[in-house]
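Structure record follows, encoded as structure tokens.
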Amino acid sequence: MIKDECFYLKVPGSTSNLGPGFDSIGLAIDRHLYVRIEPSSEWSFHYIDFDEPFPSGKENMIYQTIEEIERKYGKGKESMPLAVTMRSELPLERGLGSSAAAIVAAVEIANYVMDLELTLEEKVQIATVFEGHADNVAASLYGGLVIATGQEGLETISHKVKNLEMVALIPNHKLKTTDSRSVLPNIIPYEEAVEASSIANLFVGAALQNDWKFAGKLMAHDLFHQPYRKHLVPDLEQVHKLAISHGGYGAALSGAGPTVIVFVPSGSSKYLQEALAKRFPIYQCEVLHPTSSGVEVTVGAYENQSI
0 MIKDECFYLK
10 VPGSTSNLGP
20 GFDSIGLAID
30 RHLYVRIEPS
40 SEWSFHYIDF
50 DEPFPSGKEN
60 MIYQTIEEIE
70 RKYGKGKESM
80 PLAVTMRSEL
90 PLERGLGSSA
100 AAIVAAVEIA
110 NYVMDLELTL
120 EEKVQIATVF
130 EGHADNVAAS
140 LYGGLVIATG
150 QEGLETISHK
160 VKNLEMVALI
170 PNHKLKTTDS
180 RSVLPNIIPY
190 EEAVEASSIA
200 NLFVGAALQN
210 DWKFAGKLMA
220 HDLFHQPYRK
230 HLVPDLEQVH
240 KLAISHGGYG
250 AALSGAGPTV
260 IVFVPSGSSK
270 YLQEALAKRF
280 PIYQCEVLHP
290 TSSGVEVTVG
300 AYENQSI
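Each residue of the sequence shown is one higher than the one before, counting from 0 in numbering that gives the first Met the number 0.
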């Protein structure tokens, strides 16, 4: 890395599961984590417009992720100290991929400064180790709709989404992924697992055909996680009913929640946003769009870039 060289990351957030696609299906959204990276005499992390403090030194999660990547994949290369500045459009612990975006940023920083020349799929596999599942990190890396496991030898399928917009109902309260996962069963009966998988398989087929009307219907038939989590987000069923009655495709928990995502035809998101905001005033209702662009890395002088 050249001594005075800065570089910049633009990492899309994501929604995941989309109903029956538990821990394996993600969709990149047009809300981003912006990161500026500059050479420095010591590691430091700075946050712009975040609503809570984060560690500013080596105790920061991003640094610890970079350090672990260096240990496992660096092949004797060392990362130089950096000053990292971040601004995020992704609310924390709301199911919109904020932690996955941060992990993807760490992978990209390590890849760049240590010249690891990682492929996209290698980045997915490494990021999955830290995130625990591949859906959100793969969406942030590839963009578009992704189907992923993060397992070595099994590549991610990526797909450009058409004819789809979304409305996100974002509550004021947070929901930790660990808390949301704690309500899931360790085991489900074989017959139920087969049924759940058949619904997920149908959903994948519908999504890859951009048949979002059918995909939206299947969102309500998930058996993997929403039945166990619905008491944590009690408005999910009513949101789904309102969405369908107003021409939407369907609704699902975004990731582990508590955000609910409504999937709607292109051109109708503003109408659904107004109807949902009126009916559910305790939520912040935002229009989202799929993005086919994954993480972007830009190298350039500080004066020509901003976050």
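Glycine residues also receive a C-beta, built at the ideal position from the N, C-alpha and C atoms.
At what residues does the beta strand (DSSP E) containing Glu58 begin and finish?
Taking the first residue of the sequence shown as 1, we reach residue 58 at position 59. Segment: none, Glu58 is in no beta strand (DSSP E) and carries neither H nor E.
Secondary structure, beta strand (DSSP E): runs of 3+ residues fully inside the region 150-190
156-158, 164-169
What are the complete alpha helix (DSSP H) segments, minimum 4 residues, inside the region 95-152?
97-112, 119-130, 134-141
Helix, strand or coil at Met0 [DSSP, three-state]
Start at 1 with the first residue of the sequence shown, and residue 0 comes out as number 1. With a pLDDT of only 47 at Met0, under 50, the local geometry of the prediction cannot be trusted, and the value read off the model is given with reservation. Met0: coil per DSSP, three-state reduction.
Using CA coordinates, which residue listed in Tyr141, Cys5, Val182 is at the minimum distance from Glu295?
Position 296 of the sequence shown, counted from the start, is the residue given in the question as residue 295. Nearest option by C-alpha distance: Tyr141.
Do you know offhand how far Val106's Cα is from Pro170's?
Locating residue 106 in the sequence shown gives position 107, counting from the first residue. Locating residue 170 in the sequence shown gives position 171, counting from the first residue. Roughly 30 Å between the two C-alpha positions.
Return no unless some Cβ of chain C is closer than 8 Å to the Cβ of Ile260.
Among the chains of the structure shown, chain C does not appear; only one protein chain is present.
Quick one: residues in its chain with C-beta nearer than 6 Å to the C-beta of Lys122, no 5 flanking neighbours on either side, listed in chain order?
As a working mapping, residue 122 is identified with position 123 in the sequence shown. Answer for Lys122: Val106, Leu140, listed in chain order.
Tell me Arg228's beta-bridge partners as DSSP assigns them.
Here the question's residue 228 lines up with position 229 in the sequence shown. DSSP lists no partner for Arg228.
What three-state label does DSSP hand Leu201 in the structure shown?
By one-based count along the sequence shown, residue 201 stands at place 202. Here Leu201 sits in helix by DSSP.
Consult DSSP for Glu77 and reduce its assignment to one of helix, strand or coil.
In the sequence shown, the residue the question calls residue 77 occupies position 78. Coil at Glu77, not helix or strand.
Quick check: the region 20-40 against the region 231-242, are at least 3 beta-carbon pairs closer than 8 Å?
no
Let me know the secondary structure DSSP gives Glu295 once reduced to three states.
As a first step, residue 295 must be located in the sequence shown, where it is residue number 296. Strand.
Proximity of Leu217 and Ala138 at Cβ, strictly below 8 Å:
Translated into positions along the sequence shown, residue 217 becomes position 218. Translated into positions along the sequence shown, residue 138 becomes position 139. No, the pair does not count as a contact, with Cβ atoms beyond the cut-off.
Bridge partners for Ser43 per DSSP, in chain order?
Residue 43 sits at position 44 when you count from the first residue of the sequence shown. Its beta-bridge partners are Ala82.
If you compare alpha carbons, which of Thr290, Phe44, Phe262, Ile125 is closest to Ala152?
The count along the sequence shown starts at 1 and reaches residue 152 at position 153. Residue identity check: residue 152 is Gly in the sequence provided, not Ala. Gly152 has its Cα closest to that of Ile125, out of Thr290, Phe44, Phe262, Ile125.
Distance between Arg70 and Phe53 (C-alpha atoms, nearest Å):
Position 54 of the sequence shown holds residue 53. Position 71 of the sequence shown holds residue 70. Taking the straight line joining both Cα atoms gives about 24 Å.
Looking at the strands, I want to know which residues DSSP matches up with Tyr7.
Walking along the sequence shown from the start, residue 7 turns up at place 8. DSSP lists Arg35, Thr297 as partners of Tyr7.
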